[in-house]
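Below is one structure, written out as structure tokens, with a few remarks after it.
Protein chains: 2
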Amino acid sequence: MGTIYDLAKITGFSITTVSKALNNYSDVSEKTKAKIVQAAADMGYLPNAHAQSLSTKRSWTIGVMFSEANEVGMMHPFFNAIIESFRKATEQQGYDLIFASRNLRNRDMSYLEHFQHRAVDGIVVICSDQMDKHVQELIQSSIPIVVVDMDSTDCSVVFSDNLSGGTLAVNHLYELGHRLIAHIAGDMTIDAGLARIEGYKQAMDRLALPIPDGYLINGGFFSVEEGKQAMQTLLALPKRPTAVFVAGDQMAIGAMEAIHEAGLQVPHDISVVGYDDIEMSKYVTPKLTTVRQDTERIGQHAAELLIEQIVNKRRVMTTDIIPVDLIVRQSTGPVKP
Amino acid sequence: MGTIYDLAKITGFSITTVSKALNNYSDVSEKTKAKIVQAAADMGYLPNAHAQSLSTKRSWTIGVMFSEANEVGMMHPFFNAIIESFRKATEQQGYDLIFASRNLRNRDMSYLEHFQHRAVDGIVVICSDQMDKHVQELIQSSIPIVVVDMDSTDCSVVFSDNLSGGTLAVNHLYELGHRLIAHIAGDMTIDAGLARIEGYKQAMDRLALPIPDGYLINGGFFSVEEGKQAMQTLLALPKRPTAVFVAGDQMAIGAMEAIHEAGLQVPHDISVVGYDDIEMSKYVTPKLTTVRQDTERIGQHAAELLIEQIVNKRRVMTTDIIPVDLIVRQSTGPVKP
DNA sequence: CATTTCACCGAAAGCGCTTTCGATAAATTT
DNA sequence: AAATTTATCGAAAGCGCTTTCGGTGAAATG
Numbered sequence: 001m002g003t004i005y006d007l008a009k010i011t012g013f014s015i016t017t018v019s020k021a022l023n024n025y026s027d028v029s030e031k032t033k034a035k036i037v038q039a040a041a042d043m044g045y046l047p048n049a050h051a052q053s054l055s056t057k058r059s060w061t062i063g064v065m066f067s068e069a070n071e072v073g074m075m076h077p078f079f080n081a082i083i084e085s086f087r088k089a090t091e092q093q094g095y096d097l098i099f100a101s102r103n104l105r106n107r108d109m110s111y112l113e114h115f116q117h118r119a120v121d122g123i124v125v126i127c128s129d130q131m132d133k134h135v136q137e138l139i140q141s142s143i144p145i146v147v148v149d150m151d152s153t154d155c156s157v158v159f160s161d162n163l164s165g166g167t168l169a170v171n172h173l174y175e176l177g178h179r180l181i182a183h184i185a186g187d188m189t190i191d192a193g194l195a196r197i198e199g200y201k202q203a204m205d206r207l208a209l210p211i212p213d214g215y216l217i218n219g220g221f222f223s224v225e226e227g228k229q230a231m232q233t234l235l236a237l238p239k240r241p242t243a244v245f246v247a248g249d250q251m252a253i254g255a256m257e258a259i260h261e262a263g264l265q266v267p268h269d270i271s272v273v274g275y276d277d278i279e280m281s282k283y284v285t286p287k288l289t290t291v292r293q294d295t296e297r298i299g300q301h302a303a304e305l306l307i308e309q310i311v312n313k314r315r316v317m318t319t320d321i322i323p324v325d326l327i328v329r330q331s332t333g334p335v336k337p
Numbered sequence: 001m002g003t004i005y006d007l008a009k010i011t012g013f014s015i016t017t018v019s020k021a022l023n024n025y026s027d028v029s030e031k032t033k034a035k036i037v038q039a040a041a042d043m044g045y046l047p048n049a050h051a052q053s054l055s056t057k058r059s060w061t062i063g064v065m066f067s068e069a070n071e072v073g074m075m076h077p078f079f080n081a082i083i084e085s086f087r088k089a090t091e092q093q094g095y096d097l098i099f100a101s102r103n104l105r106n107r108d109m110s111y112l113e114h115f116q117h118r119a120v121d122g123i124v125v126i127c128s129d130q131m132d133k134h135v136q137e138l139i140q141s142s143i144p145i146v147v148v149d150m151d152s153t154d155c156s157v158v159f160s161d162n163l164s165g166g167t168l169a170v171n172h173l174y175e176l177g178h179r180l181i182a183h184i185a186g187d188m189t190i191d192a193g194l195a196r197i198e199g200y201k202q203a204m205d206r207l208a209l210p211i212p213d214g215y216l217i218n219g220g221f222f223s224v225e226e227g228k229q230a231m232q233t234l235l236a237l238p239k240r241p242t243a244v245f246v247a248g249d250q251m252a253i254g255a256m257e258a259i260h261e262a263g264l265q266v267p268h269d270i271s272v273v274g275y276d277d278i279e280m281s282k283y284v285t286p287k288l289t290t291v292r293q294d295t296e297r298i299g300q301h302a303a304e305l306l307i308e309q310i311v312n313k314r315r316v317m318t319t320d321i322i323p324v325d326l327i328v329r330q331s332t333g334p335v336k337p
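From first to last, the protein sequence lines are chains A and B. Sequential numbering of the first sequence, starting at 1, is according to UniProt numbering. Sequential numbering of the second sequence, starting at 1, is according to UniProt numbering.
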């Protein structure tokens, strides 16, 4: 591999000139530049990123943090899709993603500390709750940052239009004739969950539909299992809902399972609409009607926002809301007469 | 944040002593060590990782490469589960993962080049095919490496016992009375796909079952859509199979969809067993019988293998095969009389 | 021809850290 | 008391790169 010194020795120029040639400075002649570039290619020379970072104070890395709140890490299809699209967008600009932990050679440290240590150029945080003090610490720091799927006025945020999403779902159900519409919600500590609840409530209110006791039920942290349990308690209600809007596809799948296990049919007996449009939702039976979040756009937009902050060297606080779509499939149908 | 110089100035010691104190050298008294550590904590000092790497030639980073073969990236639940478990294991030892691309500030480069540039301590490659020259280049390099889900004699590899997996599936079907057993295979360029085919063939042979024309069909790169298509051509066969072993859960889900769309029932008309045991497989209808790969163990073992090479500074070539389990659920049943 | 401009190159400092090796003073041995 | 060991510290070099600033000769200008 060799260093810049080797390259200087081989070509007979100084390391200064070599460096300049490689970095396209204007004060090196085309002829010597060609020689140096050629020699570099011949010996397979590659600049050492650490040396570069040390010298330029620019690491071309972006730290990514997943909240550990609900132990899903990068396994959750939704966050996963976002990070994938984020990755594509950033790598195109020359950035590498680094997943840092809170462990530095057995020294326990915060994410901020770890990111400072790694000298990342920017941070993206995904899948978080407001209460997480690690996230707050990151937001209060001076490193460029963008957070996804959470609301905050102290930094750039991008998330789906969860309010409209909730409304969309409820209205769809209403148009199918449903009046007894329940909501299996995400935990209230999660902004997204909260907004969907709000959307549900507003829509119900606008439609002059009361929300019977027990119809708004906490489904926790969006897992299949929790969705199933929530649905079971919903089924045990004296006045069973004819439709349920579930705040996440995985929960919705759990809910459908509970319904089936109770000997009922979706959508014949109960309609269900999910949220996210994860890949699986179009392959479960029945195919899930759901509110699609535009993960592609969210990830890409987050990337743009972050990189803009990095290159302009100034933090920016914007909140961008990405529209959602209702995808009607087979899990919703007209209410039974 | 400050540098080691600031810390030296504050405490009155030389940077040498400060560095030693922070790194637990024995030739610094307990008293001064305490002072320095305290001062470091007070000013929130954190060593710059790039400077450290430059000096020690150790970056405490591991490069991860996903093959781009089938465009799934980190979205595939199986690879995703592996990388997650790998991450946990490595971060516990103080390593950070870095996802590098082939783009370095608009200069196209190979993964190896990128990893050299970043000076990673080791590499893990996931989800690959033998033909990928990027992977081959990595394997031939001198950087410690471990590859997952692929076979090779030139480096450490760890993958599932796909041969047994195929056999397990076929035998299970046989015991249920099936004799017309088809196989929707993964592409033959993928080692895992190939081994499962082999397992299928061997099992059929041992059971003295012929493999009718068209019963061994290529399902491509494990996507739902490809599985569906493969199943459709299987259904069009003059002599339809009563059971099908599918080389991946996503393909199996596609296959079941094709079956349902043809107006048939799983497992009543056709039994299907998948491969992987992705999370969703226990939530589709009917719940999928499948061969479970122990992603937890694969990831963890890969991590151990890699770290061992890193600390011992020598490459090692082992091939470790992780056992699989047959998980019987509802997509398989006795053959129709 | 003298002067100014311009194109091209290199010395040197600096980025923040580690590590070798020598220096000093205190403690221990003879 | 002299010689030796031990404990503690720091100077300096080095890791591989960027960037400022000045220097040189050739070309352009008067």
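Glycine is no exception: its CB is placed at the ideal position from the N, C-alpha and C atoms.
Checklist line | Nearest neighbour of A:PHE245, chosen from A:PHE86, A:ASN171, A:SER29 [CA to CA] | finding: Position 245 of the first sequence, counted from the first residue, corresponds to residue 245 of chain A. When each option's Cα is compared against that of A:PHE245, the closest is A:ASN171.
Notebook entry, point to check: Do you know how far the Cα of A:ARG206 is from the Cα of A:ILE259?
Noted result: Counting from one through the first sequence, the residue named residue 259 of chain A turns up at place 259. Counting from one through the first sequence, the residue named residue 206 of chain A turns up at place 206. Roughly 28 Å separates the two Cα atoms.
Item checked: CB contact below 8 Å: B:ASN103 versus chain A -> Taking the second sequence and counting its residues from 1, the one referred to as residue 103 of chain B is at position 103. Output row for B:ASN103: interface = yes.
Next item on the list: Report, in whole angstroms, the separation of the C-beta atoms of A:TYR283 and B:GLU257, which I expect to be a contact under 8 Å.
Entry: As a first step, residue 283 of chain A must be located in the first sequence, where it is residue number 283. As a first step, residue 257 of chain B must be located in the second sequence, where it is residue number 257. Contact holds; Cβ gap of about 6 Å.
Notebook entry, point to check: Quick one: which chain A residues come within Cβ less than 7 Å of B:ALA302?
Noted result: In the second sequence, the residue the question calls residue 302 of chain B occupies position 302. What B:ALA302 touches in chain A: nothing, since even the nearest Cβ is about 16 Å away.
Check: Does the region 305-324 of chain A come close enough to the region 7-20 of chain B that 3 or more CB-CB pairs lie under 8 Å?
Finding: no
Item checked: Beta-carbon neighbours of B:MET1, restricted to chain A and to distances below 8 Å -> The residue given as residue 1 of chain B occupies position 1 in the second sequence. The contacting residues are GLN116.
Note to self: So A:GLU225 contacts chain B; which residues on that side make the cut at Cβ distance below 7 Å?
What the structure shows: Mapped onto the first sequence, residue 225 of chain A falls at position 225. Those do not exist, as A:GLU225 stays about 10 Å from chain B at its closest Cβ, beyond 7 Å.
Notebook entry, point to check: What's the call for B:ALA41, buried or exposed, on a 16-neighbour Cβ count within 10 Å?
Noted result: The residue given as residue 41 of chain B occupies position 41 in the second sequence. So B:ALA41 counts as exposed.
Note to self: I need the boundaries of the beta strand (DSSP E) containing A:ASP27, first residue and last residue.
What the structure shows: Reading the first sequence from its first residue, position 27 is the one you call residue 27 of chain A. Looking at the DSSP string, A:ASP27 is not in any beta strand (DSSP E), and its letter there is neither H nor E.
Check: My guess is that A:ASP325 and A:ARG292 are in contact by the Cβ rule of under 8 Å, so how many angstroms apart are they, rounded?
Finding: Locating residue 325 of chain A in the first sequence gives position 325, counting from the first residue. Locating residue 292 of chain A in the first sequence gives position 292, counting from the first residue. Correct: roughly 5 Å between the Cβ atoms.
Next item on the list: Could you list which residues in chain B have their beta carbon closer than 7 Å to that of A:HIS268, in chain order?
Entry: Numbered from 1 along the first sequence, position 268 holds the residue referred to as residue 268 of chain A. Near A:HIS268 there are no residues of chain B at all, since even the closest Cβ is about 14 Å away, more than 7 Å.
Check: How long is the line joining the alpha carbons of A:LEU237 and B:MET43, rounded to whole angstroms?
Finding: Counting from one through the first sequence, the residue named residue 237 of chain A turns up at place 237. Counting from one through the second sequence, the residue named residue 43 of chain B turns up at place 43. The straight-line gap from Cα to Cα measures roughly 58 Å.
Check: So, does the CB of A:HIS134 fall closer than 8 Å to a CB anywhere in chain B?
Finding: As a working mapping, residue 134 of chain A is identified with position 134 in the first sequence. No, its Cβ sits nowhere closer than 8 Å to a Cβ of chain B.
Note to self: Would you say B:ASP96 lies against chain A (beta-carbon separation less than 8 Å)?
What the structure shows: Translated into positions along the second sequence, residue 96 of chain B becomes position 96. It does; some Cβ of chain A falls within 8 Å.
Next item on the list: Could you tell me whether the Cβ of A:HIS50 comes closer than 8 Å to any Cβ of chain B?
Entry: Taking the first residue of the first sequence as 1, we reach residue 50 of chain A at position 50. Chain B, which has a Cβ nearer than 8 Å to the Cβ of A:HIS50, makes this yes.
Next item on the list: Return helix, strand or coil for A:LEU216, following the three-state DSSP convention.
Entry: Position 216 of the first sequence, counted from the first residue, corresponds to residue 216 of chain A. Correct three-state label for A:LEU216: strand.
Next item on the list: For B:ASP325, name the three-state secondary structure that DSSP assigns.
Entry: Sequence index remark: in the second sequence, residue 325 of chain B carries index 325 (1-based). Strand.
Checklist line | C-beta atoms of A:ILE310 and A:ASP121 nearer than 8 Å | finding: Your numbering for residue 310 of chain A matches position 310 in the first sequence. Your numbering for residue 121 of chain A matches position 121 in the first sequence. Yes, Cβ-Cβ distance for A:ILE310 and A:ASP121 is below 8 Å.
Check: Closest Cβ-Cβ distance between A:GLN92 and chain B: below 8 Å?
Finding: By 1-based counting over the first sequence, the position of residue 92 of chain A is 92. It does; some Cβ of chain B falls within 8 Å.
Next item on the list: Pull out every residue of the region 271-287 of chain A whose Cβ sits closer than 8 Å to any Cβ of chain B, in chain order.
Entry: GLU279, MET280, TYR283, VAL284, THR285
Notebook entry, point to check: Using a Cβ-Cβ distance under 8 Å, would A:LEU168 count as near chain B?
Noted result: Walking along the first sequence from the start, residue 168 of chain A turns up at place 168. Taking Cβ atoms only, chain B never reaches closer than 8 Å to A:LEU168, which makes this a no.
Checklist line | Same chain only: Cβ atoms within 6 Å of A:TYR45, ignoring 5 sequence neighbours per side | finding: Taking the first sequence and counting its residues from 1, one reaches residue 45 of chain A at position 45. Hits under 6 Å: GLY2, LEU7.
Margin query: With a threshold of 8 Å, are at least 3 pairs of Cβ atoms found where one atom belongs to the region 86-104 of chain A and the other to the region 54-69 of chain A?
Written below: yes
Item checked: Host beta strand (DSSP E) of B:HIS183 (start-end) -> As a first step, residue 183 of chain B is located in the second sequence; it is residue number 183 there, counting from the start. Where B:HIS183 is concerned, the enclosing beta strand (DSSP E) stretches over 181-185.
Margin query: Counting only beta-carbon separations shorter than 8 Å, does B:ILE211 have a partner in chain A?
Written below: As a first step, residue 211 of chain B must be located in the second sequence, where it is residue number 211. It does not; no Cβ of chain A falls within 8 Å.
Check: In whole angstroms, what is the alpha-carbon distance linking A:GLY274 and A:VAL224?
Finding: Locating residue 274 of chain A in the first sequence gives position 274, counting from the first residue. Locating residue 224 of chain A in the first sequence gives position 224, counting from the first residue. One C-alpha to the other measures close to 12 Å.
Next item on the list: Would you check if the region 195-210 of chain A and the region 178-186 of chain A touch, i.e. whether three or more CB-CB distances between them fall below 8 Å?
Entry: yes
Next item on the list: Could you work out which residue in B:ASN162, B:THR167, B:ILE83 is closest to B:VAL147 when comparing CA atoms only?
Entry: Along the second sequence, read from residue 1 onward, the residue named residue 147 of chain B stands at position 147. When only C-alpha atoms are compared, the closest one is B:ILE83.
Next item on the list: Using only alpha-carbon positions, find the residue among A:ARG87, A:GLY165, A:LYS313 that is nearest to A:ALA203.
Entry: Walking along the first sequence from the start, residue 203 of chain A turns up at place 203. Closest by alpha carbon: A:GLY165.
Item checked: Helix, strand or coil at B:MET65 [DSSP, three-state] -> Here residue 65 of chain B corresponds to residue number 65 of the second sequence, with the count starting at 1. Residue state, collapsed to three classes: strand.
Check: CB B:ASN128 to CB B:LEU305, shorter than 8 Å?
Finding: If you number the second sequence from 1, residue 128 of chain B lands on position 128. If you number the second sequence from 1, residue 305 of chain B lands on position 305. Note on identity: in this sequence residue 128 of chain B is Ser, with Asn being the wrong assignment. The answer is no: Cβ separation not under 8 Å.
Item checked: A:ASP27 classed as buried or exposed, judged by whether at least 16 other C-beta atoms fall within 10 angstroms -> Reading the first sequence from its first residue, position 27 is the one you call residue 27 of chain A. Burial call: exposed.
Margin query: DSSP three-state label for residue 372 of chain A, please.
Written below: A question about residue 372 of chain A goes unanswered here, because the residues of chain A that appear run from 1 up to 337.
Notebook entry, point to check: Within the 8 Å Cβ cut-off, does A:ALA41 reach chain B?
Noted result: For the purposes of this step, residue 41 of chain A is taken as residue 41 along the first sequence, with counting starting at 1. For A:ALA41, the answer is no, since every Cβ of chain B falls outside 8 Å of its Cβ.
Next item on the list: Taking B:ASP276 as part of the beta strand (DSSP E), name the residues at either end of that continuous run.
Entry: On the second sequence, position 276 is the one that residue 276 of chain B refers to. Counting along the chain, the beta strand (DSSP E) containing B:ASP276 begins and ends at 271-276.
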